[in-house]
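**Student:** Encoded as structure tokens, here's the structure I'll be asking about.
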Amino acid sequence: MNGLSLHRKLEENAGLLIFGILCVASIGGLVQIIPVLQQESLETATANTRVYSAVELTGRDIYIREGCSVCHTQQIRPLIAEVERYGPYSGAGEFVYDRPFLWGSKRTGPDLHLVGGKFSDDWHRLHLLDPRTVVSDSIMPAYPWLARREATQAGNVAAKMRALRTLGHPYTDAEIAAAPEQLEGLLEIDALIAYLQMLGTGYTGEETH
Numbered sequence: 023m024n025g026l027s028l029h030r031k032l033e034e035n036a037g038l039l040i041f042g043i044l045c046v047a048s049i050g051g052l053v054q055i056i057p058v059l060q061q062e063s064l065e066t067a068t069a070n071t072r073v074y075s076a077v078e079l080t081g082r083d084i085y086i087r088e089g090c091s092v093c094h095t096q097q098i099r100p101l102i103a104e105v106e107r108y109g110p111y112s113g114a115g116e117f118v119y120d121r122p123f124l125w126g127s128k129r130t131g132p133d134l135h136l137v138g139g140k141f142s143d144d145w146h147r148l149h150l151l152d153p154r155t156v157v158s159d160s161i162m163p164a165y166p167w168l169a170r171r172e173a174t175q176a177g178n179v180a181a182k183m184r185a186l187r188t189l190g191h192p193y194t195d196a197e198i199a200a201a202p203e204q205l206e207g208l209l210e211i212d213a214l215i216a217y218l219q220m221l222g223t224g225y226t227g228e229e230t231h
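Take the sequence shown: its letters are residues 23 to 231, numbered as in the numbering used here.
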């Protein structure tokens, strides 16, 4: 009878019911989150994973700004169809220096996780300026303004590197000081291509996923 009374009290008191739901949901969330926070493999970079250079980091910012992650994922799931099409599935250690993650969920275009080195710089340049010149049935929009804007216009890369260092990215003072100079004379399209060519290079084929 006490159990029925408690149940009736919960149903009749909206505030108490909401509090109970929040408590149960919080416990369920902690059970999932706490073990992940203590899993060292999620914070350990693969043997070939490194921080982004100043040019690559700028290219990544441009990639985010232009909404590329809306149509392209960067996460190959452990499914036969995806592995056969894109290559070895993604491992956590390959994303240690990605803030924010750009895994995505919608593949209007192909997954780009292992695109680095697959095409030449010239191919990427043509593809960004006029996608139909290299992929006749592409529905990707053109990005001609990337070839007109200087890479230095994409933001203060040195400040971003300093901020990332506080989060554990191993940038040295020398690398941060040299960052603005590395962007001199480059266009935004150059930085974006550098970023694309770096994708997937953290995978060596030796790591256990």
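A virtual CB, placed ideally from N, CA and C, is assigned to each residue, including glycine. Quick caveat: nothing in here was measured; it's all calculated off a predicted structure.
State the beta-bridge partners of Glu-172 as determined by DSSP.
**Tutor:** According to DSSP, which records beta bridges pairwise, Glu-172 is partnered with Leu-209.
**Student:** For Glu-210, count neighbouring Cβ atoms within 10 angstroms of its own Cβ and tell me buried if that reaches 16, exposed if not.
**Tutor:** Counting Cβ neighbours within 10 Å, Glu-210 comes out buried, since at least 16 surround it.
**Student:** What are the start and end residues of the alpha helix (DSSP H) that includes Trp-145?
**Tutor:** Taken as a continuous stretch (DSSP letters only), the alpha helix (DSSP H) holding Trp-145 covers 143-151.
**Student:** Identify, in the order they occur along the chain, each residue of the same chain with its Cβ nearer than 7 Å to the Cβ of Trp-145, setting aside the five sequence neighbours on each side.
**Tutor:** Contacts found: Val-156.
**Student:** Given the structure, does Lys-128 come close to the ligand NAP, in the sense that its CB is under 7 Å from one of the ligand's heavy atoms?
**Tutor:** Ligands in the displayed structure: none, and consequently the ligand NAP is not present.
**Student:** Report yes if the C-beta distance between Leu-218 and Val-137 is below 8 Å; otherwise report no.
**Tutor:** Result yes, Cβ atoms of Leu-218 and Val-137 sit closer than 8 Å.
**Student:** Given this structure, state the Cα-to-Cα distance separating Gln-96 from Gly-126, to the nearest angstrom.
**Tutor:** Distance between the alpha carbons of Gln-96 and Gly-126 is about 6 Å.
**Student:** Of all the options Tyr-108, Thr-194, Arg-170, which has the alpha carbon lying nearest to the alpha carbon of Lys-140?
**Tutor:** Comparing Cα positions, the closest option is Tyr-108.
**Student:** Give the DSSP-derived three-state secondary structure of Ile-98 in the structure shown.
**Tutor:** Correct three-state label for Ile-98: coil.
**Student:** With a 10 Å radius around its C-beta and 16 neighbouring C-beta atoms as the bar for buried, classify Gly-115 as buried or exposed.
**Tutor:** By the 10 Å Cβ count, Gly-115 comes out buried.
**Student:** Mind checking whether Leu-214 and Ile-84 have CB atoms under 8 Å apart?
**Tutor:** It is a contact, given that the beta carbons lie within the stated cut-off.
**Student:** For Glu-88, which of helix, strand or coil comes out of DSSP?
**Tutor:** If DSSP states are grouped into helix, strand and coil, Glu-88 belongs with coil.
**Student:** When we look at the beta-carbon of Ser-48 and count the other beta-carbons within 10 Å, is it buried (16 or more) or exposed?
**Tutor:** With fewer than 16 other Cβ atoms within 10 Å, it is exposed.
**Student:** For Ala-69, which of helix, strand or coil comes out of DSSP?
**Tutor:** Three-state result, Ala-69: coil.
**Student:** Our contact map puts Ala-180 next to Pro-166 with C-beta atoms below 8 Å; I'd like the distance itself, whole angstroms only.
**Tutor:** Actually they are not in contact, since the Cβ atoms of Ala-180 and Pro-166 sit about 28 Å apart, beyond 8 Å.
**Student:** Measuring CB to CB, does Leu-134 end up less than 8 Å from His-94?
**Tutor:** Yes; because the gap between Cβ atoms is below 8 Å, this pair is in contact.
**Student:** Applying the criterion that 16 or more other CB atoms from any shown protein chain within 10 Å of the CB defines a buried residue, is Glu-65 buried or exposed?
**Tutor:** Exposed, since its Cβ has fewer than 16 Cβ neighbours within 10 Å.
**Student:** Let me know the secondary structure DSSP gives His-29 once reduced to three states.
**Tutor:** Note: His-29 maps to helix in three-state DSSP.
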